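Structure first, then comments.
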């Protein structure tokens, strides 16, 4: 099993739709979790950290499920500008144990 | 001011050449990284420095040599470039391992 796995997509959704991505991780000792977005030919940018109790930032909600070892990202009321690749990042403790997922591509369609 | 800046943005060079990529951060972060993103978009850690000390040195060819003159700078020198080195190289910085990273805009290296 890969350390961090994501469905590569693409997820094609109409504007205004709600879409959710999951990211599974294999190391049960993982301690910190993040979602990044990467636009085409650009650098990854931190979208949000994922806290144990779940957290929300505007239209974006991140959840952590330790029992099933996955994190999720929910995007409500999708905008065209949300089209990007969403990368999950898992830290199993220390600098050496940070792993990036390969990303889930989202395409929001007019 | 750009938080993490790397130069050059594009680099096209012939096989066998030696090239350098420079990175600077003005965020006051203690840790800097070099990542390689290949054609399949997988981001792989290459090196990391914490306060000028090498803390991550992944299995990369020894043709790649990082250098950190101070905690705000991390450069990458590549000797004897090969076709397989073509990729996008990202510099990043963070305050600590549990914090998110800030990435530079990337250097797109093409070896011909």
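Protein chains in written order, with my numbering: chain A, 839 to 948; chain B, 681 to 792. Even for Gly, the Cβ is constructed at its ideal location relative to N, Cα and C. Keep in mind that this is a model prediction, so the values were computed, not measured.
At a cut-off of 8 Å between beta-carbon atoms, residue 702 of chain B makes no contact with chain A. Under the rule that a run must span 3 or more residues, the beta strand (DSSP E) segments found entirely inside the region 715-775 of chain B read 723-730, 733-737, 744-750, 753-758, 767-774.
CA-CA distance, residue 934 of chain A to residue 947 of chain A, rounds to 38 Å. Put simply, the backbone Cα of residue 739 of chain B is about 32 Å away from that of residue 903 of chain A.
The beta-carbon separation of residue 686 of chain B and residue 701 of chain B, rounded to 6 Å, stays under the 8 Å limit for a contact.
Put simply, the region 686-699 of chain B does not touch the region 855-862 of chain A. Fewer than three CB pairs are less than 8 Å apart. For residue 884 of chain A, the uninterrupted beta strand (DSSP E) segment begins and ends at 882-888. The alpha-carbon of residue 736 of chain B is positioned some 14 Å away from that of residue 742 of chain B. Between the region 936-947 of chain A and the region 842-856 of chain A, the count of C-beta pairs closer than 8 Å reaches three or more; the two stretches touch. Residue 881 of chain A belongs to the set of residues whose beta carbon lies under 8 Å from a beta carbon in chain B.
Residue pairing by DSSP places residue 899 of chain A opposite A:894, A:912 in a beta bridge. Contact note: residue 940 of chain A reaches chain B through 720, 721, 722, 723, using a C-beta cutoff of 9 Å and chain order. Annotated three-state conformation of residue 785 of chain B is coil, per DSSP. Taking a beta-carbon distance threshold of 8 Å, residue 781 of chain B counts as an interface residue toward chain A. For the C-beta of residue 932 of chain A, the chain B residues within less than 7 Å are, from N- to C-terminus, 777. Secondary structure note for residue 691 of chain B: its beta strand (DSSP E) is the uninterrupted segment 690-693. A direct Cα-to-Cα measurement between residue 779 of chain B and residue 750 of chain B gives close to 21 Å.
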